[in-house]
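The sequence shown begins at 87 in my numbering and counts up one residue at a time.
Ideal Cβ positions, reconstructed from N, Cα and C, are used throughout, including at glycine.
Notes to accompany the following structure.
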Amino acid sequence: AYDIGLGIPAEPLFRSIGGAKGESLYDLFLDKKHRQYSCAYFLSEDESLEDAQQNKINHIIKKLDLRPGQKILDIGCGGGLLCEPLKRLGATVTGIDASKNNIKVAKFHAKEMNLNINYIKCPPENLKFKNKFNVILNMEVVEHVSNVDLFIQNCSTLIEKNGIMFIATINKNLKSYLYAILGAEYILRWLPIGTHDWEKFLTPQELEIIAIRNNFTMDEMVGMKFNLFSKKWLKSTDASVNYISTFSKN
Numbered sequence: 087a088y089d090i091g092l093g094i095p096a097e098p099l100f101r102s103i104g105g106a107k108g109e110s111l112y113d114l115f116l117d118k119k120h121r122q123y124s125c126a127y128f129l130s131e132d133e134s135l136e137d138a139q140q141n142k143i144n145h146i147i148k149k150l151d152l153r154p155g156q157k158i159l160d161i162g163c164g165g166g167l168l169c170e171p172l173k174r175l176g177a178t179v180t181g182i183d184a185s186k187n188n189i190k191v192a193k194f195h196a197k198e199m200n201l202n203i204n205y206i207k208c209p210p211e212n213l214k215f216k217n218k219f220n221v222i223l224n225m226e227v228v229e230h231v232s233n234v235d236l237f238i239q240n241c242s243t244l245i246e247k248n249g250i251m252f253i254a255t256i257n258k259n260l261k262s263y264l265y266a267i268l269g270a271e272y273i274l275r276w277l278p279i280g281t282h283d284w285e286k287f288l289t290p291q292e293l294e295i296i297a298i299r300n301n302f303t304m305d306e307m308v309g310m311k312f313n314l315f316s317k318k319w320l321k322s323t324d325a326s327v328n329y330i331s332t333f334s335k336n
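What follows is the structure, given as structure tokens:
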């Protein structure tokens, strides 16, 4: 079995992904509509979750300088939350996910919206593309892979020169352990215990070093901050827990 990396052996938590136990695990911590658990951008305190998710999409689209016909690969696409607006803007979109139910939801919703999106249920190492992509999205993926260097290396082979790669992940420090593991898993119970392994978290500097080693250059890094009182995520200069890094292929 494999996790959501490219040819990387799965950790115990994800060994049953694709089977009944794996789907039950996804059901525990993914929302029902989009099959996502990613953070969103609350730019003000009065925004709804839907507004904040749209803010996140807008941030990515702005950085992409998207042009019709660009080829985009969304790794860990969930129910297509990012794939659909990118397709509406004229991109050729492929979404891959290890969960059968996630792909089922994504395909159903795309059909309802009359959107032609190529959704594939399989670990990425089994995919063989004739053409490379202009953009790769890795949203909340790298903290679950066993060998990040190999994962980024394989992403590098799938992206064209001057292509853009987004990585949203979790920083590695005491604060991220308190928030992302003790807080989110053990106290607030937003995620099943064992979802994250602190040893797999990466600092922005560590991630940048790996990316540089695999022919990427970091363009930008923005932080995400969670307000415990309003229970909302805010875009921030504070990258001590959640952050999104943008890289370009050399």
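Annotated three-state conformation of PHE333 is strand, per DSSP. Annotation for ASN233: no beta strand (DSSP E) segment contains it, and DSSP assigns it neither H nor E.
The beta carbon of PHE333 sits closer than 6 Å to the beta carbons of MET251, ALA297, PHE302 and MET304 from its chain, once the five residues preceding and following it are set aside; these are given in chain order.
In the DSSP assignment, LYS173 falls within the alpha helix (DSSP H) that extends over 169–174. Out of CYS163, ILE147 and ASN300, the CA that lies nearest to the CA of ILE238 is found in ASN300. Looking only at VAL179, LEU152, LEU268 and ASN187, the smallest Cα-Cα distance to ILE161 is reached by VAL179. With respect to the 9 Å criterion, GLU229 and ILE273 are not classified as neighbours on the basis of their beta carbons. In the DSSP annotation of this structure, the continuous segment of the alpha helix (DSSP H) that includes ASN188 starts and ends at 186–198. Annotated three-state conformation of LEU159 is strand, per DSSP. Just so you know, the alpha carbons of TYR265 and LEU236 end up roughly 28 Å apart. As the crow flies, the alpha-carbon of TYR263 is around 21 Å from that of ASN224. Within the same chain, Cβ atoms closer than 8 Å to the Cβ of LEU175 are found at ILE147, LEU152 and PRO154, the five residues on either side in sequence being excluded. The distance from the Cβ of SER331 to that of ILE245 is about 15 Å, inconsistent with a contact at the 8 Å cut-off.
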